[in-house]
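Visitor: Residue numbers for the sequence shown follow the UniProt record's numbering, beginning at 1 and rising by one. Ideal placement from N, C-alpha and C gives every residue a C-beta, glycine not left out. This structure is a prediction, so every number in the text was calculated from the model and none was measured. What follows is a single structure, and I will ask about it in a moment.
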Amino acid sequence: ELKGSPKFVTGCSIKPAKNEIALEAELELAQKKVREGTQFIVTPPVFNIPAFTYFMEKAKALGVPVIATVFLLKSVGVAKYIATNVPGPPIPEEMISRLRKAPDRINECITIAGELINTLKEICQGVQIVTMGWENRLPAILDAAKI
C-alpha cells in the first residue's frame, strides 16, 4: 500500500555532441527546456569520459541535475552497433578491445559498467543503468561501481 501522493517532475534528454557547434546547439535547446520547467536532464549512453567531462563543464550552466546513462556493452557486436548507430562521442576502442580479449565477457561487461558508474558518480548528479535483460546482474554491477 502506498501512502501519500507521488510527485512527478519533468526531465528532458540531451546529446553530448561530437563537436562544439552541435554541443552549443544542444545546450541552447536544453536551456530553453529548463526555462519551460525541465528539472533534470538525461543523456544518451556515456562511454567516453573525457568527452562527457567536457560536456558537464558546459552543462553546469543549465542549473539542473544531469543523469548519465550507462548502457551495458554485452558483446563486441553491441559495442560496434552503438558506435555506428548512436549519436555522440565514440566508444573508446580500448573499451571494445577489452571486451574482445576478455576470457569472460560477462564479467568484463560488468567491470566496464562498474568503472563507468564509479567515475560518473563524481562528475554528474546520477546515473541510470540500462541492463537490457541483465537485471539479475545489477548487484554485481553496483559492487563493481563500489556502491
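Determine the direct distance from the alpha carbon of TYR54 to that of THR111, and round the result to whole angstroms.
Guide: Cα-Cα distance, rounded: 24 Å.
Visitor: Please confirm whether ALA25 and VAL46 have their CB atoms less than 7 Å apart.
Guide: No, they are not a contact pair.
Visitor: In the DSSP assignment, the beta strand (DSSP E) including GLY126 goes from what residue to what residue?
Guide: Here the beta strand (DSSP E) through GLY126 covers 126–130.
Visitor: Quick check on PHE8: buried or exposed, where buried means 16 or more other Cβ atoms within 10 Å of its Cβ?
Guide: The residue in question, PHE8, is exposed, as its Cβ has fewer than 16 Cβ neighbours within 10 Å.
Visitor: For my contact list, ALA30 and ILE41 are in at a C-beta cut-off of 8 Å; report their separation, rounded to the angstrom.
Guide: Confirmed, about 6 Å.
Visitor: Could you check how far apart the C-beta atoms of VAL66 and CYS124 are, in whole angstroms? I think they sit under 8 Å.
Guide: Right, the Cβ-Cβ distance comes to about 4 Å (below 8 Å), so this counts as a contact.
Visitor: Go ahead and label PRO89 buried or exposed: buried means 16 or more other beta carbons lie within 10 angstroms of its beta carbon, across all protein chains shown.
Guide: The residue in question, PRO89, is buried, as its Cβ has 16 or more Cβ neighbours within 10 Å.
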